[in-house]
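*Asks:* For what it's worth, the numbering used here labels the leading residue of the sequence shown as 479, then goes sequentially.
Just so you know, even glycine gets a beta-carbon here, dropped at the ideal spot from N, CA and C.
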Amino acid sequence: MKKFSAIALTATMILSLVGCSKKNFDGDYNADIDLSKIMASTIQSSLTFGKGSSQSFDGAYTAEVDIADYICDAIQSSIEDTLGSSDYEWTGTLVVPMQLELSDGEFTLSIDGQTTSDNFKTFISDNIEPYMVSVFENEISSEPSLSGMTLDEVLEAAGYSSIWETMGYESKEEFIEDYLDYFDTSNFDEETSGEYETDGNTVTLKGAGTDGSDGWSLTSEDDTLTGTLDLSEFDIDEDTEISFVRDDSVNMASVIQDAIASSQGSSDYEWTGTLIMPYQLELSEGEYSIAVDAKTTLDNFETYINDNIESYIVSIIEKGLASNPDVEGMSLEEVLEAAGYSSVWEAIGYESKEAYVEEYMANFSISDFEEKDSGEYEIDGDSITLKDVDAADKEGEDWALTYNEGNLEGSINFSDLGVDEDADITFVREAEE
Numbered sequence: 479m480k481k482f483s484a485i486a487l488t489a490t491m492i493l494s495l496v497g498c499s500k501k502n503f504d505g506d507y508n509a510d511i512d513l514s515k516i517m518a519s520t521i522q523s524s525l526t527f528g529k530g531s532s533q534s535f536d537g538a539y540t541a542e543v544d545i546a547d548y549i550c551d552a553i554q555s556s557i558e559d560t561l562g563s564s565d566y567e568w569t570g571t572l573v574v575p576m577q578l579e580l581s582d583g584e585f586t587l588s589i590d591g592q593t594t595s596d597n598f599k600t601f602i603s604d605n606i607e608p609y610m611v612s613v614f615e616n617e618i619s620s621e622p623s624l625s626g627m628t629l630d631e632v633l634e635a636a637g638y639s640s641i642w643e644t645m646g647y648e649s650k651e652e653f654i655e656d657y658l659d660y661f662d663t664s665n666f667d668e669e670t671s672g673e674y675e676t677d678g679n680t681v682t683l684k685g686a687g688t689d690g691s692d693g694w695s696l697t698s699e700d701d702t703l704t705g706t707l708d709l710s711e712f713d714i715d716e717d718t719e720i721s722f723v724r725d726d727s728v729n730m731a732s733v734i735q736d737a738i739a740s741s742q743g744s745s746d747y748e749w750t751g752t753l754i755m756p757y758q759l760e761l762s763e764g765e766y767s768i769a770v771d772a773k774t775t776l777d778n779f780e781t782y783i784n785d786n787i788e789s790y791i792v793s794i795i796e797k798g799l800a801s802n803p804d805v806e807g808m809s810l811e812e813v814l815e816a817a818g819y820s821s822v823w824e825a826i827g828y829e830s831k832e833a834y835v836e837e838y839m840a841n842f843s844i845s846d847f848e849e850k851d852s853g854e855y856e857i858d859g860d861s862i863t864l865k866d867v868d869a870a871d872k873e874g875e876d877w878a879l880t881y882n883e884g885n886l887e888g889s890i891n892f893s894d895l896g897v898d899e900d901a902d903i904t905f906v907r908e909a910e911e
């Protein structure tokens, strides 16, 4: 009996030792994953900055529309109906200067009426006498009874001292004044204002469509706005192309916006700090439960943005300004002040950093970071395999972790966050009370 008892005791001890050789993984584990490095580029690509994300059109523009051909046709038509035709080619230009000011979504469009009136008078004065002489000479040449006579001889024979007297005027100057009254050059002095909208490289001046449309659309290219001008306001039933050229004077607001647009997404700024995503893993009697502390992750995400966003935006603007010779030697603060901005936030369309971060974080919620799953686990030596994991971007796959000095180590992928690389993860076992 004693022999059998000793054998039984020995067997029990052996079985006990065998059981002790199998590691016990049960317990609570925590892992803090720092997403700051692997997420930095993804975050940067998702950041957009109001005004700077598109082309800036604000500034002062001028255009010069030459309506000489149209006015020439109108004058010839009115005269030839009563006096006769002419082959005379009118010379010179009749320029209508126009100014366009764009600022913060509003426009002012004006015509320099006085300059237009002066140009009109000069154009008529330079051409009307040789034109009228040509008309009269054509009529004389077509009349057999006047064959061989010059215009002066015909005028003298008719008792006129000049061609102007034949039309009831004392002089060329009186004739021109009458024409200026006929065309009512006071109509040239005009100003229109309102709001403008942008779409790509197109600017639409709302309410400025002279053809009955809701707005006047201009296309931007190389600091020039081009469109079609309806000339009906000049009593001309035709359209012509018009090009508004941005003034040579440096528009600092546009300089800032262009700097943002050209450098956005290409900053050399190195984001600092951490962006911790806390994981909890519980193992108990062959079953696991894994979850992410989504609330803490979202708070950490906002802190990470808050700590880096201003420096990042400053680096973007400074990089864009560095290639602009118009602001060489000027600091960012000097350029912002010259542009009328009190901060970089105003330059991108926000009142403050807080307003920008609030709008950006509104794109995210706790549910974006929530992960939770449970199931069975298996043990094989120093390895534990969580079966059919639907968390940590596993999508139903098994997740193998290795036991090392009381902790569980493995790798994790964040492709669901737009990051195509793996990161190491270590679950640290909580001390038992």
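Using only alpha-carbon positions, find the residue among D868, E788, K865, M839 that is nearest to S830.
*Replies:* E788
*Asks:* When the Cα atoms are used, what is the spatial distance from S555 to E648?
*Replies:* 23 Å
*Asks:* Given that a residue counts as buried once 16 or more other Cβ atoms are within 10 Å of its Cβ, and exposed if not, what is S564?
*Replies:* It is buried - the Cβ of S564 has at least 16 other Cβ atoms within 10 Å.
*Asks:* Our contact map puts A538 next to D725 with C-beta atoms below 8 Å; I'd like the distance itself, whole angstroms only.
*Replies:* 5 Å
*Asks:* Which word fits G626, buried or exposed, when buried means at least 16 other C-beta atoms lie within 10 angstroms of its C-beta?
*Replies:* exposed
*Asks:* Using three-state DSSP, classify Y638 as helix, strand or coil.
*Replies:* Residue state, collapsed to three classes: coil.
*Asks:* Would T600 and V574 be called neighbours here (beta carbons separated by less than 7 Å)?
*Replies:* Remark: C-beta atoms of T600 and V574 do not approach each other more closely than 7 Å.
*Asks:* Based on Cα-Cα distance, which residue from D900, T880, I602 lies nearest to D547?
*Replies:* The option with the nearest alpha carbon to D547 is I602.
*Asks:* DSSP puts Y766 in a beta bridge; with which residues?
*Replies:* L761, G853
*Asks:* Ordered along the chain, which non-local residues of its own chain (more than five positions away) have a Cβ less than 7 Å from that of L753?
*Replies:* D512, L513, S514, M517, N778, F779, Y782
*Asks:* Take the Cβ of G798 as the centre, count every other Cβ of all protein chains shown within 10 Å, and call the residue buried at 16 or more, exposed below.
*Replies:* With 16 or more Cβ atoms within 10 Å of its Cβ, G798 is classed as buried.
*Asks:* Helix, strand or coil for E836, going by three-state DSSP, please let me know.
*Replies:* helix
*Asks:* Give the secondary structure of L525 by DSSP, where H, G and I count as helix, E and B as strand, and everything else as coil.
*Replies:* coil
*Asks:* Using a threshold of 7 Å, state whether the C-beta atoms of Y834 and A825 are closer than that.
*Replies:* Contact flag unset, no.
*Asks:* Which residue or residues does DSSP assign as beta-bridge partners of D677?
*Replies:* For D677, which the question treats as bridged, DSSP gives the partners T680.
*Asks:* Looking only at its chain, what residues have a beta carbon closer than 6 Å to the beta carbon of E908, apart from the 5 residues adjacent to it on each side?
*Replies:* D506
*Asks:* Within this structure, are the beta carbons of T682 and S695 separated by less than 7 Å?
*Replies:* yes
*Asks:* Tell me where the beta strand (DSSP E) around E719 begins and ends.
*Replies:* 717 to 724
*Asks:* If I'm right that I641 touches V611 with Cβ under 8 Å, what's the distance once you round it to whole angstroms?
*Replies:* Contact between I641 and V611 holds, since their C-beta atoms are separated by about 7 Å, short of 8 Å.
*Asks:* G874 and D866: beta carbons closer than 7 Å?
*Replies:* yes
*Asks:* Could you tell me which uninterrupted beta strand (DSSP E) segments, each at least 3 residues in length, are contained entirely in the stretch 768 to 831, listed from first to last along the chain?
*Replies:* none
*Asks:* Expressed to the nearest angstrom, what Euclidean distance is found between the alpha-carbon atoms of E719 and D559?
*Replies:* 29 Å
*Asks:* Give me the residue from F535, I521, M645 with the minimum Cα distance to S698.
*Replies:* Residue F535 is the option with its Cα nearest to S698.
*Asks:* For the alpha helix (DSSP H) holding G874, just list the boundary residues, first then last.
*Replies:* From DSSP, G874 is part of no alpha helix (DSSP H); its letter is neither H nor E.
*Asks:* Any idea what DSSP makes of S494, helix, strand or coil?
*Replies:* Because S494 carries a pLDDT of 41, less than 50, the predicted location of this residue cannot be relied on, and the following value inherits that uncertainty. In this structure, S494 counts as helix in the three-state DSSP scheme.
*Asks:* Go ahead and label D590 buried or exposed: buried means 16 or more other beta carbons lie within 10 angstroms of its beta carbon, across all protein chains shown.
*Replies:* buried
*Asks:* Closest to A817 by CA distance: which of I768, I791, D736, E837 is it?
*Replies:* Selected option, being the one with the closest Cα: D736.
*Asks:* One question on the structure: do P756 and D510 come within less than 7 Å of each other, judged by their Cβ atoms?
*Replies:* Contact check for P756 against D510 passes: the beta carbons are separated by less than 7 Å.
*Asks:* When DSSP labels each residue in this structure, what does A538 get in the three-state scheme?
*Replies:* DSSP, reduced to helix, strand and coil, places A538 within a strand of the structure shown.
*Asks:* Taking C-alpha atoms, which residue in L814, E748, P803 lies nearest to I734?
*Replies:* Minimum Cα-Cα distance from I734 among the listed residues L814, E748, P803 corresponds to L814.
*Asks:* Could you give the distance in angstroms between the alpha-carbon of Y881 and the alpha-carbon of T863?
*Replies:* 11 Å
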